[in-house]
Amino acid sequence: MENYICVTCGTQFSEAVPASCPICQDERQYLPPGGQQWTTLARLRQQHRNSFRRKEPNLYGIGTVPDFGIGQRALLMRTPAGNVLWDCISLLDEATIDIIQGLGGLSAIAISHPHYYTTNVEWSRAFGNVPVYLHAADRQWVMRPDPVVQLWEGETLRLLDDLTLIRCGGHFDGGTVLHWPAGAEGRGALLTGDIIQVVPAQPFVSFMYSYPNLLPLSAAKVQHIVAAVEPFAYDRIYGAWWGRTTIQTGAKEGVRKSAERYIRLLAE
Ligand SMILES: [Zn+2]
Ligand SMILES: [Zn+2]
């Protein structure tokens, strides 16, 4: 049996032929003009490959070319306690497995929100059934339940050494970012997916309920996101895409100022 993958969001399902993709039917996503389409990992491997880029020492971006699904790239972080895959992409092939094994394999996978759940069970299996940390508030969006999936509860979770998963909510109730104290040459970095979305004007970010459908978040939810990350030291943010989704420096002040202007505009 082949597990089908939704072409629009890249999520892999337990069923061979699911009736529809609830993640794409949700108002935060969309169905393409032709309607629901499915593929498989075997087909993806024929049509796509992954590319790697070092973002800073011990941090590598991994993205699929040509783009597939939502088009995000994952991040592989190396720490003295083991490697973590932050967020996930649908395509996992032999080259990707070999390259990551060469970098020390994986000890854990953590994912910001359901749009990047993709083929997390395949990734876990390929690296010895490592745990996949997803926030329990988003359990309804887990389309391929599996014993490797660890649904964590609460507001923070320590991962490996000194990494912390921080539940911000917002875009999804369980929306999570990852704090990496050793990032940005020791000044600290946040890996945010699109829970905190880096925008072109540095060092600013934005926050949305739906990015494709341009639905904003309430002031209270934006304030909650900023309050959740405020206790952590960080100077850099890595968003979810190649290109202009890194704030190299000044990210913490940028997040505060971005929230202020967002909330001011909501009130006008
Ligand atoms: Zn979908
Ligand atoms: Zn999303």
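Positions 401 to 668 (the numbering used here) are the ones given, in order, by the sequence shown. Even glycine gets a Cβ: it sits at the ideal position worked out from N, Cα and C.
Taking only heavy atoms of ligand 1 into account, decide whether any of them is closer than 7 Å to the Cβ of residue i.
{"i": "Ile423", "result": "yes"}
{"i": "Cys406", "result": "yes"}
{"i": "Thr411", "result": "yes"}
Would you call residue i buried or exposed, if buried means 16 or more other Cβ atoms sit within 10 Å of its Cβ?
{"i": "Glu553", "result": "exposed"}
{"i": "Gly502", "result": "exposed"}
{"i": "Ser420", "result": "exposed"}
{"i": "Pro600", "result": "exposed"}
{"i": "Asp467", "result": "exposed"}
{"i": "Val655", "result": "buried"}
{"i": "Val417", "result": "exposed"}
{"i": "Ala589", "result": "buried"}
{"i": "Leu506", "result": "buried"}
{"i": "Asn613", "result": "exposed"}
{"i": "Glu660", "result": "exposed"}
{"i": "Leu617", "result": "buried"}
{"i": "Ala627", "result": "exposed"}
{"i": "Leu591", "result": "buried"}
{"i": "Gly575", "result": "buried"}
{"i": "Arg544", "result": "buried"}
{"i": "Leu559", "result": "buried"}
Are there any heavy atoms of ligand 2 lying less than 7 Å away from the beta-carbon of residue i, as far as the coordinates show?
{"i": "Tyr611", "result": "yes"}
{"i": "Asp467", "result": "no"}
{"i": "His513", "result": "yes"}
{"i": "His571", "result": "yes"}
{"i": "Asp562", "result": "no"}
{"i": "Asp594", "result": "yes"}
Would you list the residues sitting across from residue i in a DSSP beta bridge?
{"i": "Tyr638", "result": "Leu591, Thr646"}
{"i": "Ile462", "result": "Phe452, Ala474"}
{"i": "His535", "result": "Trp552"}
{"i": "His579", "result": "Thr564, Leu590"}
{"i": "Asn520", "result": "Answer is none; Asn520 lacks a bridge partner."}
{"i": "Ser618", "result": "Ser618 is not bridged to any residue."}
{"i": "Ala510", "result": "Trp486, Tyr533"}
{"i": "Val598", "result": "Val605"}
{"i": "Cys421", "result": "According to DSSP, Cys421 bridges with nothing at all."}
{"i": "Cys406", "result": "Trp438"}
{"i": "Ser610", "result": "Leu615"}
{"i": "Gln412", "result": "Ile405"}
Have a look at residue i and residue j and give me their C-alpha separation to the nearest angstrom.
{"i": "Val605", "j": "Val598", "result": "4 Å"}
{"i": "Glu456", "j": "Ala584", "result": "8 Å"}
{"i": "Arg567", "j": "Leu557", "result": "9 Å"}
{"i": "Ile663", "j": "Ala619", "result": "5 Å"}
{"i": "Pro433", "j": "Pro480", "result": "47 Å"}
{"i": "Ala464", "j": "Met608", "result": "Correcting the residue type first, residue 464 is Thr in the shown sequence and not Ala. Rounded to whole angstroms, Thr464 to Met608 spans 24 Å at the Cα level."}
{"i": "Arg428", "j": "Trp642", "result": "22 Å"}
{"i": "Ala442", "j": "Asn403", "result": "10 Å"}
{"i": "Gly528", "j": "Asp498", "result": "14 Å"}
{"i": "Leu444", "j": "Gly570", "result": "31 Å"}
{"i": "Thr518", "j": "Cys409", "result": "8 Å"}
{"i": "Arg453", "j": "Arg587", "result": "21 Å"}
{"i": "Ala651", "j": "Gln602", "result": "9 Å"}
{"i": "Ile625", "j": "Gly639", "result": "15 Å"}
{"i": "Lys621", "j": "Phe572", "result": "10 Å"}
{"i": "Leu666", "j": "Gln623", "result": "12 Å"}
{"i": "Pro547", "j": "Glu668", "result": "48 Å"}
{"i": "Val407", "j": "Tyr430", "result": "11 Å"}
{"i": "Ala526", "j": "Gln425", "result": "30 Å"}
What do you reckon, is the C-beta of residue i under 7 Å from a heavy atom of ligand 4?
{"i": "Arg558", "result": "In terms of ligand content, the structure shown lacks ligand 4 and carries ligand 1 and ligand 2 instead."}
Hey, is the segment 440-451 in contact with the segment 482-495, meaning 3+ C-beta pairs nearer than 8 Å?
yes
If you pair each beta-carbon of the segment 412-419 with each one of the segment 453-469, do three or more pairs fall below 8 Å?
no
Please confirm if the segment 533-544 is in contact with the segment 473-482, defined as three or more CB-CB distances below 8 Å between the two stretches.
no
For the pair the segment 617-635 and the segment 568-584, tell me if three or more CB-CB distances fall below 8 Å.
yes
Taking three-plus beta-carbon pairs below 8 Å as touching, is the segment 548-566 in contact with the segment 434-441?
no
Do the segment 503-515 and the segment 476-488 meet, that is, are 3 or more Cβ pairs less than 8 Å apart?
yes
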